[in-house]
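Below you'll find the structure, written out as structure tokens, and then a few comments.
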Amino acid sequence: MKMNKKIYLQRLHFLINKWAKKGGIFRTLQSISREKYTEKLSAALLYGLLSSIAVNFFFQPGHVYSSGATGLAQVISAVSGRLTGYAVPVAVSFYAINIPLLLLAWRKIGHKFTVFTFFTVTFSALLIQLMPIVVLTEDPLLNAVFGGLIMGLGVGYGLRTNISSGGTDIVSLLIRKKTGRDVGSISLLINGLIMIFAGLLFGWQYALYSMVTIFVSSRVTDAVFTKQKKMQAMIITNRPKQVTQKIHRRLNRGVTSINDAEGTYNHEKKAVLITIITRAEYQDFKQLMIKADPDAFVSIAENVKIMGRFVDD
């Protein structure tokens with residue numbers, strides 16, 4: 001019996017390793033620097049803490065429904081409690097909702113993005129489950145406003161460090177990648193549909209308070225999330241080919257090249273490269289410039305306005 005169990009565990013371990021290697025999980029984990037782990041795991045933990053405070057201090061006590069997967073998890077918990085007498089924990093529903101979305105993000109958005117989103121979802125689910133429910137006020141409007149504020153801070157800060165809170169954020173990023181529309185506006189549309197469903201089940205009064213939560217959360221998210229801010233980089237370099245290749249490969253951005261530009265001091269012939277990046281890509285851009293041409297002169301203009309096609313990654 002023990003031998004059969006040992007053989008079974010060995011086979012299971014082999015299958016998991018085979019699937020992980022095939023999916024590129026090991027390769028992705030190994031490619032992430034220690035600094036990235038520290039920065040993003042800290043952001044994921046902060047989001048988990050803020051979301052658990054929003055849910056257990058404001059949303060649940062005030063009978064207000066959050067945005068995205070968290071709100072849908074609240075609805076599932078309430079429906080299961082009414083139908084069966086046992087309310088599925090919000091944390092369990094939240095985790096179950098995110099699993100298929102994480103698989104979609106792995107294929108469509110990016111492997112590193114998905115790895116840290118997985119950590120964010122896990123921290124959030126654990127802390128929502130462990131955090132006690134505390135009633136600070138019974139006023140549903142105050143619960144809606146302050147819950148939305150705290151949740152929006154968590155979501156915005158997570159997106160600012162290039163991680164997602166999961167749920168409709170993944171859907172929003174996929175749509176924004178295709179259309180270029182703001183994250184908060186897309187989330188408002190998607191979450192509005194969720195609130196309609198909640199209103200039909202639990203009453204329009206609390207659905208309207210939940211809409212206040214969604215609005216506040218989406219506005220705070222857009223205020224904190226700076227990835228949508230564009231930056232223009234002008235690069236004067238002796239190595240235009242190396243710089244251009246790295247920008248194409250690492251950032252997937254286009255570059256405009258002006259050849260045979262002349263410096264008026266030494267009268268050297270150099271190339272001037274112009275590219276547009278997002279603020280979230282700035283650190284990666286700095287690193288690739290150090291590797292491609294550490295002697296290049298780089299000028300950065302922030303918050304530039306774009307006319308024409310610019311696709312956010």
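Here the sequence shown stands for residues 1 to 313, where the numbers follow the UniProt record's numbering. C-beta atoms are modelled at their ideal positions from N, C-alpha and C, and glycine is treated no differently. Please read all numbers here as calculations on a predicted model, not as lab measurements.
{"Check": "Classification of I99 by the beta-carbon crowding that lies within 10 angstroms, buried from 16 upward", "Outcome": "exposed"}
{"Check": "Same chain, Cβ closer than 7 Å to Q74, five either side skipped, listed in chain order", "Outcome": "F59, Y65, S66, V90"}
{"Check": "Neighbourhood of A207 by C-beta, 6 Å cutoff - its chain only, sequence neighbours within 5 removed", "Outcome": "M195, A198, G199"}
{"Check": "Straight-line Cα distance separating L273 from F116", "Outcome": "33 Å"}
{"Check": "Residue interval of the beta strand (DSSP E) (run including A87)", "Outcome": "No beta strand (DSSP E) holds A87; DSSP gives it neither H nor E."}
{"Check": "Rounded straight-line distance, which links the Cα of F119 to that of L153", "Outcome": "18 Å"}
{"Check": "Distance between G48 and G166 (C-alpha atoms, nearest Å)", "Outcome": "11 Å"}
{"Check": "Whole-Å CB distance - V55 paired with T70, under 8 Å assumed", "Outcome": "6 Å"}
{"Check": "Endpoints, the alpha helix (DSSP H) within which K291 is located", "Outcome": "282 to 292"}
{"Check": "Backbone secondary structure at L273 - three-state DSSP", "Outcome": "strand"}
{"Check": "Close beta carbons around A261, own chain, < 8 Å, minus the five adjacent residues each side", "Outcome": "I236, K269, K270, A271, V272"}
{"Check": "Among R279, I258, I170, T244, the one whose alpha carbon lies nearest that of K229", "Outcome": "R279"}
{"Check": "heavy atom of the ligand ADP below 8 Å from V171 C-beta", "Outcome": "Ligands in the displayed structure: none, and consequently the ligand ADP is not present."}
{"Check": "Alpha carbon of T84 to alpha carbon of L201, nearest angstrom", "Outcome": "15 Å"}
{"Check": "Pairwise C-alpha distance: G263 and T114", "Outcome": "45 Å"}
{"Check": "F94 versus L173: straight-line alpha-carbon distance, rounded", "Outcome": "19 Å"}
{"Check": "Contact set for I258: own chain, Cβ-Cβ below 6 Å, skip 5 residues either direction", "Outcome": "V272"}
{"Check": "Nearest-angstrom Cα separation, counted from I163 out to K40", "Outcome": "7 Å"}
{"Check": "Where M195 sits in the DSSP three-state scheme", "Outcome": "helix"}
{"Check": "Inter-residue CB distance, T275 and V255 (contact presumed, cutoff 8 Å)", "Outcome": "5 Å"}
{"Check": "Proximal residues to S217 (C-beta, below 6 Å), its chain only, five neighbours per side dropped", "Outcome": "S67, G148, M151, G152"}
{"Check": "Among Y265, I53, V243, nearest to P132 - alpha-carbon criterion", "Outcome": "I53"}
{"Check": "Distance between A292 and I175 (C-alpha atoms, nearest Å)", "Outcome": "33 Å"}
{"Check": "A223 to S80 span [Cα, whole Å]", "Outcome": "36 Å"}
{"Check": "F297 in three-state terms, based on DSSP", "Outcome": "strand"}
{"Check": "N-terminal and C-terminal residue of the beta strand (DSSP E) that I236 is part of", "Outcome": "230 to 237"}
{"Check": "Alpha carbon of L141 to alpha carbon of W204, nearest angstrom", "Outcome": "14 Å"}
{"Check": "Top-ranked residue by Cα proximity to L45, from V145, S77, T161, L72", "Outcome": "T161"}
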